[in-house]
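Position 46 of the sequence shown, counted from 1, bears residue number 46 in the UniProt record's numbering, the numbering being contiguous throughout.
Even for Gly, the Cβ is constructed at its ideal location relative to N, Cα and C.
Notes follow once the structure below has been shown.
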Amino acid sequence: MFFSKSDLINYLSENGHLDHVYKVLDDPSEVVVTLMKVMNETGTMPQCVEDFKSESISNMFRLEGNQAYKAKHFGLALESYNKSLSYAPTQSTAMKLAYGNRSALLYTLKQYTDCMNDIDTIFSMGCADFDLAERLNQRKNQCEKMAKASSDLETNSIKNGLAGKFFNFDVKRHPEIPCASTDISVIMESGLPKVVAAKDIQVGTLVSLESPFVCELNASNYWIACHYCHKFKFNLMPCDGCTVALFCDEICKKKCYIEFHNIECQIMSCFHSQHGIIGGNMNIRAALKMKQKCKTWKELITASFSIGEDRMRNSCVSDIYDKELITAS
């Protein structure tokens, strides 16, 4: 096992691999093949730990959530209940209990609409436990009463209104960069485009709004935000396959699966076990998404040579910022 870059370089040099790597640097695929050979020979090829749903692990996290809830550590309780959901087998008793306990937390936090959503999810799976069903119905009835008498719905509408106003990019668009306003301009410097101000811009003015090709949650937000759109939401739902990804709703879940998670889902545990992180790697995620967008391997290989600084140096501004793609969408 290599504990540092110097250990890896020394091994490559001593075993005659380093020269080969340098010779094939112009062809990334050959570099990958060479390094795979080295990793196989040294037994350092990452092994994916089997990722599986488990009622016992789900119950463990749920009990942790209960302890945090009793101690009024509500943020920690929410994370623990979401972990419990992630590990719970689909439609299992553990999943229903996790949703039930989270609904109790949301009731305490006066998030009545979200609380009722969790309760509805439990009933949609079927709730044969009469006592549990009775408690849930009582909680839902209380939510309906409290929601009418409280201002949480009004507060949510205010927050959504502020966010909508800030991200409502209703401005005159840059002719070559549709995701930016005419407040900016682009100049070429050292062969690369550089964004500059076209005029004096007031502090806090939104000058560009663009969705990234790929992005990844901060590790501290993994259990409280959507794996796909990264929005914070109380009613996150778990992935059917892995024990990590959580989604806003079926829409985000489906989009994520189509774009990259159908493959990423199978190797999430590998990232966690090898790198001590929860999520995937953005480079790998980008490669998966590119593969999904390309119809053939040949198309993917061609596209892989048209990224980064080389593409920026050899393309016009509108090509760099995908004017046609943005306009079409």
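According to DSSP, simplified to helix, strand and coil, what is residue i?
{"i": "residue 88", "result": "coil"}
{"i": "residue 177", "result": "coil"}
{"i": "residue 188", "result": "strand"}
{"i": "residue 319", "result": "helix"}
{"i": "residue 286", "result": "helix"}
{"i": "residue 213", "result": "coil"}
{"i": "residue 266", "result": "coil"}
{"i": "residue 73", "result": "coil"}
{"i": "residue 51", "result": "coil"}
{"i": "residue 201", "result": "coil"}
{"i": "residue 292", "result": "helix"}
{"i": "residue 67", "result": "helix"}
{"i": "residue 275", "result": "Residue confidence is low: residue 275 scores 46 on pLDDT, short of 50, so the model does not pin down where it sits. Its coordinate-derived value is still stated next. It is helical."}
{"i": "residue 45", "result": "coil"}
{"i": "residue 10", "result": "helix"}
{"i": "residue 281", "result": "coil"}
{"i": "residue 336", "result": "In the structure as shown, the chain begins at 1 and stops at 329. Residue 336 is therefore absent and cannot be evaluated."}
{"i": "residue 15", "result": "coil"}
{"i": "residue 218", "result": "coil"}
{"i": "residue 253", "result": "helix"}
For the alpha helix (DSSP H) that contains residue i, what are its first and last residues?
{"i": "residue 300", "result": "297-304"}
{"i": "residue 28", "result": "28-42"}
{"i": "residue 94", "result": "93-108"}
{"i": "residue 23", "result": "18-23"}
{"i": "residue 312", "result": "308-314"}
On the criterion of 16 or more Cβ atoms from any shown chain inside 10 Å, does residue i qualify as buried, or is it exposed?
{"i": "residue 313", "result": "exposed"}
{"i": "residue 215", "result": "exposed"}
{"i": "residue 297", "result": "exposed"}
{"i": "residue 108", "result": "exposed"}
{"i": "residue 79", "result": "buried"}
{"i": "residue 260", "result": "buried"}
{"i": "residue 25", "result": "exposed"}
{"i": "residue 38", "result": "buried"}
{"i": "residue 238", "result": "buried"}
{"i": "residue 244", "result": "buried"}
{"i": "residue 181", "result": "buried"}
{"i": "residue 341", "result": "Any answer about residue 341 is impossible in this case: the structure gives the chain only from 1 up to 329."}
{"i": "residue 116", "result": "buried"}
{"i": "residue 118", "result": "buried"}
{"i": "residue 95", "result": "buried"}
{"i": "residue 398", "result": "For the chain, the structure presents residues 1 to 329; residue 398 sits outside this window and is missing."}
{"i": "residue 148", "result": "exposed"}
May I ask which residues mark the beginning and end of the beta strand (DSSP E) holding residue i?
{"i": "residue 193", "result": "192-197"}
Per DSSP, what are the beta-bridge partners of residue i in this structure?
{"i": "residue 246", "result": "238"}
{"i": "residue 56", "result": "None; residue 56 has no bridge partner."}
{"i": "residue 208", "result": "180"}
{"i": "residue 169", "result": "Paired residues: none, contrary to the question."}
{"i": "residue 232", "result": "225"}
Practice item. Tell me the start and end of each unbroken alpha helix (DSSP H) in the stretch 123-154 that is at least 4 residues and wholly inside, in chain order. Key: 130-149
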